[in-house]
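Only one structure is covered here, and it is reproduced in the block below.
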Amino acid sequence: MSKAYEEFKTYLDRAMALKTAMILFEWDNETLAPKEAGELTSNVIGTLSGEYFQAITNDRMKALVKELQAEQGLDEVQAANVREVADELEQLDCIPRNEYEDNARLVAKSTAVWSRAKKDNDFDSFAPTLKKVIEYQKKFAGYRAKDGQKLYDVMLDTYEKGFNMENLDRFFGILKEELVPFLKQVTESKKKIDDGFLTGDYPEEKQEKLGRFLAGYVGFDFDKGVMAVSAHPFTTNLHNKDVRITTHYTDRVDSSLFSVIHEAGHGIYELGIRDDLTLTPVGQGASMGMHESQSRFFENIIGRSPAFWAPIYGKVQEMFPDQMGNVDLDQFVEAVNKVEPGLIRTEADELTYSLHVLIRYEIEKQLIEEDLDVEKLPQLWADKYEEYLGVRPENPAQGVLQDIHWSQGSFGYFPSYALGSAFGAQLYYHMKQEMDFEGLLEQGKVDVIREYLRENIHQYGKLKDSRTILKDVTGEDFDPKYYVRYLKEKYGKLYEVEA
Ligand code: ZN
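Quick note on numbering: our numbering labels position 317 of the sequence shown as 318, and the sequence is numbered without any gaps.
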């Protein structure tokens with residue numbers, strides 16, 4: 002290791018330690034922290050983030066990065082870490098330190114305000130905070146924008162390199178054109194699916210037990226991971242020996258079960274990252290979209306297939322004899338794939354899901370590019386739901402307050418959910434050529450599929466971006482046609498309609 006890289010690594014380790022501490026506080030805020038902790042803890046986070054800022058942007062670090070960028074002898078991992086830090090330096094350095102810290106404090110407080118507002122069903126109590134969050138995000142994007150780049154494009158690029166309003170307008174355009182009429186065919190089809198048995202008296206302890214079984218069954222390692230409860234299920238990774246997932250419990254048993262499989266998918270990605278990459282900037286998922294491709298792959302392509310449940314459905318029936326004793330495997334699988342336009346994104350079926358994302362994409366574009374008045378959000382949100390999905394939220398908790406993202410300042414994140422689904426479908430059609438996908442699931446060999454994903458995707462962390470991964474694995478650039486094909490084949494068959 003060169004002397005310069007060694008010194009660089011010392012600063013980097015310090016920065017990563019500070020970041021890991023901040024991530025742990027964020028996790029704690031959402032799961033176990035007492036109600037009144039928010040204010041003071043947000044001050045602690047503010048200080049830590051200032052120290053992080055300093056560890057990355059100090060003059061010595063800047064000089065080292067410059068020196069290392071010119072150095073020839075770096076290996077692949079070293080070069081990637083220098084590249085990531087240079088990127089981050091460029092992003093951070095343009096933001097004045099006091100604004101950076103103010104924003105970190107604001108966001109820490111804002112999620113608490115959002116959480117209370119959602120509970121009280123009171124958008125007005127969140128609106129002023131949200132307005133401030135948006136102002137900061139626009140300001141920061143403005144600092145980072147290059148050559149007249151639009152602010153929302155800057156934000157989109159943060160989560161998914163190479164994606165912007167131009168190609169996302171095209172992507173969502175295809176989905177709208179193909180899926181809206183197809184959804185109409187499905188909802189008007191004669192096929193009726195009964196999913197009544199999924200709602201009812203499902204005790205939390207039993208849901209948790211089944212959730213833990215399923216997470217372990219798909220390969221989430223509880224020696225390197227934990228599972229807790231939060232308002233909105235999410236995954237936090239500290240490093241590849243400590244990955245944390247959450248879920249929530251309602252009277253719909255499939256809600257927690259599939260959120261567990263989804264978050265386990267995120268967790269498996271992080272656990273699969275190579276040891277020499279973890280706790281470095283390269284040691285995390287390639288992009289938000291690639292992350293969602295994996296979580297949704299586990300949740301939907303694997304988790305909602307009949308082949309997946311064939312070897313384990315008996316166990317589910319044993320756990321819930323009163324609720325599922327008389328429901329056979331086919332009925333169960335049909336029920337968990339029932340298409341029903343609804344209000345809540347995280348509860349949406351696979352077919353309507355991308356329309357929820359489309360709505361958020363269109364609203365974000367207006368918030369960032371057209372200065373949409375925050376006060377108008379509940380109304381606009383409700384109108385769009387009525388237009389695309391034919392349902393209208395009766396209150397903000399079921400509408401604009403449902404997601405945590407905006408309170409965290411994550412604008413430009415939502416499109417990656419739809420992109421991830423599309424990445425996953427493309428991977429799926431390729432994998433079917435490489436292996437007996439359904440056959441493996443029927444034999445309970447999820448591990449073969451998981452290992453393929455680890456080998457081809459997870460281990461690399463951020464060494465490759467999402468487009469390169471898709472190309473290396475499937476031999477093709479990103480192509481949304483596979484996603485449309487997947488949905489039409491699956492739901493055309495289920496609802497007995499011609500796609
Ligand atoms: Zn996810």
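All residues carry an ideal CB built from backbone N, CA and C; glycine is no exception. What you are looking at is a predicted structure, and each value in this text was computed from that prediction instead of being measured.
Fill in: Distance between Ala87 and Glu72 (C-alpha atoms, nearest Å)
Numbered from 1 along the sequence shown, position 71 holds the residue referred to as residue 72. Numbered from 1 along the sequence shown, position 86 holds the residue referred to as residue 87. When rounded, the distance between both Cα atoms is 14 Å.
Worksheet item: If you compare alpha carbons, which of Glu387, Met291, Lys377, Glu91 is closest to Ala426?
Response: The count along the sequence shown starts at 1 and reaches residue 426 at position 425. Comparing Cα positions, the closest option is Met291.
Discussion item. Nearest by alpha-carbon distance to Ser256: which of Leu239, Glu300, Asp222, Val244 is it?
Written reply: Position 255 of the sequence shown, counting from 1, holds the residue named residue 256. Closest option to Ser256, Cα to Cα, is Glu300.
Discussion item. I need the boundaries of the beta strand (DSSP E) containing Asp243, first residue and last residue.
Written reply: The residue you call residue 243 lines up with position 242 of the sequence shown. 243-248 is the extent of the beta strand (DSSP E) around Asp243.
Discussion item. Determine whether the beta carbon atoms of Leu390 and Pro342 lie at a separation below 7 Å.
Written reply: Looking up residue 390 in the sequence shown gives position 389. Looking up residue 342 in the sequence shown gives position 341. Result yes, Cβ atoms of Leu390 and Pro342 sit closer than 7 Å.
Item to complete: Give the range of the beta strand (DSSP E) segment to which Met228 is assigned.
Response: The sequence position of residue 228 within the sequence shown is 227, counting from 1. Run containing Met228: 226-230, per the beta strand (DSSP E) assignment.
Discussion item. Beta-carbon within less than 8 Å of Ile450's beta-carbon, same chain only, minus the 5 sequence neighbours each way: which residues are those?
Written reply: Within the sequence shown, the letter at position 449 stands for residue 450. Closer than 8 Å at the Cβ level, and outside the excluded window around Ile450, lie Ile303, Met432, Met436, Phe438, Leu441, Leu442.
Worksheet item: How far does the alpha helix (DSSP H) with His1 in it reach, from first residue to last?
Response: Outside the displayed range of the chain (2 to 500) lies residue 1, so it cannot be described from this structure.
Worksheet item: By DSSP, does Arg305 sit in helix, in strand, or in coil?
Response: As a working mapping, residue 305 is identified with position 304 in the sequence shown. Three-state result, Arg305: coil.
Worksheet item: For Val340 and chain C, any beta-carbon pair shorter than 7 Å?
Response: Within the model displayed, chain C is absent; a lone protein chain is all it includes.
Discussion item. Let's test the definition: count the other Cβ atoms within 10 Å of the Cβ of Ser3 and tell me whether it reaches 16, buried, or not, exposed.
Written reply: On the sequence shown, position 2 is the one that residue 3 refers to. With fewer than 16 other Cβ atoms within 10 Å, it is exposed.
Discussion item. Cutting at 8 Å between CB atoms, please list the residues of its own chain near Ile470, excluding the five before and the five after it.
Written reply: Translated into positions along the sequence shown, residue 470 becomes position 469. Within the same chain, Ile470 has close Cβ partners Ala287, Met291, Asn457, Ile458, Tyr461.
Item to complete: For Lys192, count neighbouring C-beta atoms within 10 Å of its own C-beta (all shown protein chains included) and say buried if the count is 16 or more, exposed if not.
Response: If you number the sequence shown from 1, residue 192 lands on position 191. By the 10 Å Cβ count, Lys192 comes out exposed.
Worksheet item: When DSSP labels each residue in this structure, what does Leu378 get in the three-state scheme?
Response: For the purposes of this step, residue 378 is identified with residue 377 of the sequence shown, where counting begins at 1. Of the three classes helix, strand and coil, the one that applies to Leu378 here is helix, per DSSP.
Worksheet item: How about the segment 60-74 and the segment 112-132: do they share at least three Cβ pairs that are nearer than 8 Å?
Response: no
Fill in: Cβ-heavy atom distance, Glu293 to ligand 1, below 6 Å
As a working mapping, residue 293 is identified with position 292 in the sequence shown. Yes, the beta carbon of Glu293 sits closer than 6 Å to at least one heavy atom of ligand 1.
Practice prompt. Taking only heavy atoms of ligand 1 into account, decide whether any of them is closer than 6 Å to the Cβ of Ser355.
Written response: Locating residue 355 in the sequence shown gives position 354, counting from the first residue. The answer is no for Ser355.
Discussion item. Can you tell me whether Ser296 sits near ligand 1, meaning its C-beta is under 6 Å from at least one heavy atom of the ligand?
Written reply: As a first step, residue 296 is located in the sequence shown; it is residue number 295 there, counting from the start. Yes, since a heavy atom of ligand 1 falls inside the 6 Å radius drawn around the Cβ of Ser296.
Practice prompt. Return the bridge partner residues of Arg253 from the DSSP annotation.
Written response: The sequence position of residue 253 within the sequence shown is 252, counting from 1. According to DSSP, which records beta bridges pairwise, Arg253 is partnered with Thr200.
Practice prompt. Using beta-carbon positions only, say whether Ser43 and Arg84 come within less than 7 Å of one another.
Written response: Counting from one through the sequence shown, the residue named residue 43 turns up at place 42. Counting from one through the sequence shown, the residue named residue 84 turns up at place 83. Taking 7 Å as the Cβ cut-off, Ser43 and Arg84 do not qualify as a contacting pair.
Worksheet item: In terms of residue numbering, what span does the alpha helix (DSSP H) encompassing Ile470 cover?
Response: Stepping through the sequence shown from its first residue, residue 470 is reached at position 469. Where Ile470 is concerned, the enclosing alpha helix (DSSP H) stretches over 467-475.
Fill in: Same chain, Cβ closer than 6 Å to Leu278, neighbours up to 5 away in sequence not counted
Taking the first residue of the sequence shown as position 1, residue 278 is located at position 277. For Leu278, where only same-chain residues beyond five positions count, the Cβ hits under 6 Å are Gly284, Gly462.
Worksheet item: Measuring CA to CA, which of Ser260, Val155, Lys110, Pro97 is closest to Ile46?
Response: By one-based count along the sequence shown, residue 46 stands at place 45. Closest by alpha carbon: Lys110.
Practice prompt. State the DSSP-derived secondary structure class of Leu239, mapped to helix, strand or coil.
Written response: Position 238 of the sequence shown, counting from 1, holds the residue named residue 239. Taken through DSSP and simplified to helix, strand or coil, Leu239 comes out as strand.
Worksheet item: If you compare alpha carbons, which of Leu93, Val334, Thr281 is closest to Pro307?
Response: Residue 307 sits at position 306 when you count from the first residue of the sequence shown. Shortest Cα-Cα distance from Pro307 to any of Leu93, Val334, Thr281 involves Val334.
Item to complete: Given a cut-off of 7 Å, decide if Ile269 and Phe221 are closer than it, judged by their beta-carbon atoms.
Response: The count along the sequence shown starts at 1 and reaches residue 221 at position 220. The count along the sequence shown starts at 1 and reaches residue 269 at position 268. Against a cut-off of 7 Å, the Cβ pair of Ile269 and Phe221 comes out as a contact.
Practice prompt. Report yes if the C-beta distance between His15 and Ala80 is below 7 Å; otherwise report no.
Written response: Walking along the sequence shown from the start, residue 15 turns up at place 14. Walking along the sequence shown from the start, residue 80 turns up at place 79. Looking at the sequence shown, residue 15 is not His but Arg. The answer is no: Cβ separation not under 7 Å.
Fill in: Neighbour-count burial assignment, Thr48, 16 or more Cβ in a 10 Å radius
Within the sequence shown, residue 48 is the residue found at index 47, counting from 1. The residue in question, Thr48, is exposed, as its Cβ has fewer than 16 Cβ neighbours within 10 Å.
Worksheet item: With a Cβ-Cβ cutoff of 7 Å, do Tyr400 and Pro379 count as a contact?
Response: Numbered from 1 along the sequence shown, position 399 holds the residue referred to as residue 400. Numbered from 1 along the sequence shown, position 378 holds the residue referred to as residue 379. Note on identity: in this sequence residue 400 is Gly, with Tyr being the wrong assignment. Cβ distance < 7 Å, so Gly400 and Pro379 count as in contact.
Item to complete: State the CB to CB distance for the pair Phe141 and Tyr362, rounded to an integer number of angstroms; the pair is presumed to be in contact (CB under 8 Å).
Response: Taking the first residue of the sequence shown as 1, we reach residue 141 at position 140. Taking the first residue of the sequence shown as 1, we reach residue 362 at position 361. With 8 Å as the limit, Phe141 and Tyr362 do not qualify as a contact, their Cβ atoms being about 20 Å apart.
Discussion item. Is it buried or exposed, Leu33, if we count other Cβ atoms within 10 angstroms and call 16 or more buried?
Written reply: The residue you call residue 33 lines up with position 32 of the sequence shown. So Leu33 counts as exposed.
Item to complete: Output yes or no for whether 7 Å exceeds the beta carbon distance between Leu69 and Glu8.
Response: Taking the first residue of the sequence shown as 1, we reach residue 69 at position 68. Taking the first residue of the sequence shown as 1, we reach residue 8 at position 7. Their beta carbons are not under 7 Å apart, which means Leu69 does not touch Glu8 by this criterion.
Worksheet item: Hey, quick one: how far does the alpha helix (DSSP H) through Met289 stretch, first residue to last?
Response: Counting from one through the sequence shown, the residue named residue 289 turns up at place 288. Counting along the chain, the alpha helix (DSSP H) containing Met289 begins and ends at 289-297.
Discussion item. To test your reading of the DSSP string, which unbroken alpha helix (DSSP H) runs of 4 or more residues are found completely within the segment 6-69?
Written reply: 39-58
Worksheet item: If you follow the alpha helix (DSSP H) that Glu161 is part of, which residue opens it and which one closes it?
Response: Here residue 161 corresponds to residue number 160 of the sequence shown, with the count starting at 1. First-last for Glu161: undefined, no H or E at that position.
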